[in-house]
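If you read the sequence shown in full-length UniProt numbering, its first letter stands for residue 1, the second for the next number, and so on. For every residue, glycine included, the Cβ atom is placed at its ideal position computed from N, Cα and C. One structure is given below, encoded as structure tokens.
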Amino acid sequence: MRLGLALGYSGEPMSEVLPAVQAADRVGYDSVWSLEEFGPDGVTILGYLAAKTERIKLGTGVLQVAPRTPALTSMTATTLDALSGQRTLLGLGLSQPWLIEGWHGLPFHHPTDVLREYVTVLRKAIAREGPLEFEGRYYQIPYRGPHARGVSRPLKALYPPPRTEIPIYLGTTGPRNVALTGEIADGWLVGGLYIPEHEKVCLAPLEEGIARAGRRRSDVTIAKVIDVIRDDDLDAARAEVRAVLASYLGPRGVGVRNVHFEQACEMGWEAAAHRVRALFTEGRRKEAAAEVPDELVDQYALLGPLDRIIDRLVAWKESRVDVLVLLTRDVELIEAAQAAL
């Protein structure tokens with residue numbers, strides 16, 4: 001198992017971020033991953049870090065596909081790849097309906113089918129083997145639909161890319177999208193309640209997709225972002241994670257599956273999950289968080305004193321995860337975790 005670093009970047013001065021990234025680069029971390037929601041974008045910071053690091057891979061974790069055409073994403077990815085010396089890992093995701101509709105003002109529909117077409121077009125654009133043409137349900141290149149001028153022709157990227165294939169990771173959670181990841185992606189940015197002791201629950205749809213496409217497990221790199229709370233007060237550290245898990249388990253959307261809730265039930269925490277949901281939907285969020293079991297908290301995150309965090313890495317080393325991506329800025333912890341592997 002290799003280690004990665006998650007930025008969780010929200011616009012802070014680089015003086016607060018760069019030391020952690022450079023420490024990870026220096027001690028041999030595999031990759032550093034950006035974040036994109038509705039604050040900073042997921043690429044600009046990686047361009048900056050490309051100039052400040054030497055060997056660490058630069059991953060987008062994840063770029064929202066809805067507001068970007070596949071062609072635009074290909075341009076962004078190949079530019080970053082040129083600037084970084086071919087260190088780009090291209091993480092893509094669908095995001096959530098509330099964000100795509102509420103921030104970008106775009107519809108959120110048929111996510112699995114959209115993602116399949118998107119990746120197909122994106123790979124063709126990056127490969128630059130010929131003018132880009134595609135005829136699908138959601139993407140038509142050149143465009144010939146309503147209001148088309150009728151004068152378009154297929155285009156090929158102006159310049160050859162540094163490489164014709166860039167690893168594509170999909171950040172997916174629901175079973176259909178995770179299965180699609182197993183079919184077509186180079187890597188999976190794990191969504192859901194992934195826990196080493198119960199990883200078969202989360203891996204089942206990925207395995208289904210891998211088998212359906214006639215691929216091998218090794219064809220899909222598994223990268224898992226994990227919360228890291230270093231605190232000598234274990235109860236305080238657990239309290240932070242409880243609140244996060246309650247926000248995952250509690251929501252009950254109309255017509256929307258709560259995969260975290262379903263996975264918790266399948267893993268054996270059904271009674272607790274129902275208690276969390278009941279309290280959460282009543283608006284009693286502190287009480288909901290208090291119902292999240294210690295065992296779930298301890299297995300889900302890395303938390304407590306430094307030696308406890310390092311000891312917990314053993315369970316992750318024995319899991320199917322290839323790259324454990326630590327969400328931390330703690331340089332001492334970053335160094336100690338790498339030394340422990």
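Please identify the residue among the options whose C-alpha is closest to the C-alpha of residue i.
i, options, result
"Arg-217", "Ile-56, Pro-205, Asp-231, Val-228", "Pro-205"
"Gly-39", "Gln-64, Val-321, Arg-238, Val-225", "Gln-64"
"Glu-332", "Leu-7, Ala-23, Leu-3", "Ala-23"
"Arg-123", "Glu-183, Met-1, Thr-73, Arg-277", "Thr-73"
"Pro-175", "Arg-163, Gly-187, Glu-207, Tyr-169", "Glu-207"
"Ser-247", "Thr-281, Tyr-159, Gln-263", "Thr-281"
"Tyr-159", "Phe-134, Ile-166, Pro-146, Ala-125", "Ala-125"
"Glu-240", "Asp-294, Tyr-194, Ala-185", "Asp-294"
"Val-32", "Asp-41, Ser-10, Ser-15, Leu-3", "Leu-3"
"Tyr-48", "Met-75, Asp-81, Val-27", "Asp-81"
"Ile-195", "Gln-338, Gly-8, Leu-324", "Leu-324"
"Leu-46", "Arg-320, Leu-306, Val-178, Tyr-9", "Tyr-9"
"Asp-41", "Leu-193, Arg-116, Glu-16, Gly-11", "Gly-11"
"Glu-318", "Val-244, His-198, Arg-252", "His-198"
"Arg-257", "Asn-177, Gly-145, Asp-25, Val-27", "Asn-177"
"Val-292", "Leu-245, Glu-262, Asp-186", "Leu-245"
"Val-62", "Ala-50, Ala-288, Ser-34", "Ser-34"
"Trp-269", "Pro-251, Leu-193, Arg-285", "Leu-193"
Compute the Euclidean distance between the alpha carbons of residue i and residue j, then round it to the nearest angstrom.
i, j, result
"Val-21", "Pro-13", "13 Å"
"Val-228", "Arg-149", "53 Å"
"Tyr-29", "Tyr-143", "43 Å"
"Ala-157", "Gly-130", "9 Å"
"Glu-266", "Val-201", "7 Å"
"Trp-98", "Pro-111", "14 Å"
"Ala-278", "Ala-271", "11 Å"
"Ala-77", "Asp-298", "37 Å"
"Ser-84", "Thr-181", "26 Å"
"Leu-92", "Gly-304", "32 Å"
"Thr-69", "Val-220", "24 Å"
"residue 375", "Glu-54", "For the chain, the structure presents residues 1 to 341; residue 375 sits outside this window and is missing."
"Thr-120", "Gly-102", "27 Å"
"Arg-320", "Val-276", "29 Å"
"Phe-108", "Ile-100", "7 Å"
"Arg-215", "Met-1", "21 Å"
"Val-43", "Tyr-169", "15 Å"
"His-147", "Met-75", "25 Å"
"Tyr-225", "Leu-189", "The sequence given here has Val at residue 225, not Tyr. Cα to Cα, the separation comes out at about 8 Å."
"Gly-253", "Ala-288", "17 Å"
"Leu-296", "Asp-25", "31 Å"
Kindly examine the ligand MN and report whether one of its heavy atoms sits closer than 6 Å to the Cβ of residue i.
i, result
"Glu-165", "The ligand content of the structure shown is nil, which means the ligand MN is not present either."
In chain order, what residues of the same chain have a beta carbon less than 6 Å from the beta carbon of residue i, not counting five sequence neighbours either side?
i, result
"Val-114", "Tyr-138"
"Ala-301", "Asp-227, Val-241"
"Arg-312", "Leu-302"
"Gln-96", "none"
"Asp-322", "Thr-221, Ile-222"
Excluding sequence positions up to five away, which residues of its chain have a Cβ less than 8 Å from the Cβ of residue i?
i, result
"Ala-290", "Arg-242"
"His-104", "Gln-64, Ala-66, Pro-67"
"Asp-330", "Ala-20, Val-228, Arg-230"
"Leu-306", "Arg-230, Glu-332, Leu-333, Ala-336"
"Phe-134", "Glu-117, Thr-120, Val-121, Lys-124, Gln-140, Ile-141"
"Leu-234", "Leu-303, Gly-304, Pro-305, Arg-308"
"Asp-232", "Gly-304, Pro-305"
"Leu-203", "Arg-320"
"Gly-136", "Glu-117, Thr-120, Val-121"
Buried or exposed, going by whether 16 or more other CB atoms sit within 10 Å of the CB of residue i?
i, result
"Glu-36", "buried"
"Val-314", "exposed"
"Gln-86", "exposed"
"residue 361", "Outside the modelled stretch of the chain, which goes from 1 to 341, sits residue 361, for which no answer is possible."
"Ser-152", "exposed"
"Thr-60", "buried"
"Ala-273", "buried"
"His-260", "buried"
"Lys-57", "buried"
"Leu-106", "exposed"
"Gly-187", "buried"
For residue i, which residues from the same chain have a beta carbon less than 7 Å from its beta carbon, with the 5 sequence-adjacent residues on both sides left out?
i, result
"Gly-191", "Gly-171, Thr-172, Thr-173"
"Glu-183", "Gly-209, Arg-212, Ala-213"
"Ala-340", "Ile-310, Leu-313"
"Leu-18", "Lys-52"
"Leu-155", "Pro-131, Leu-132"
"Trp-316", "Met-1, Pro-196, Leu-324"
"Thr-79", "none"
"Gln-338", "Leu-3, Val-27, Gly-28, Tyr-29"
To the nearest whole angstrom, what separates the beta carbons of residue i and residue j, a pair I think is in contact under 8 Å?
i, j, result
"Ala-6", "Leu-327", "4 Å"
"Thr-164", "Ala-127", "5 Å"
"Pro-167", "Leu-89", "5 Å"
"Ala-264", "Leu-249", "6 Å"
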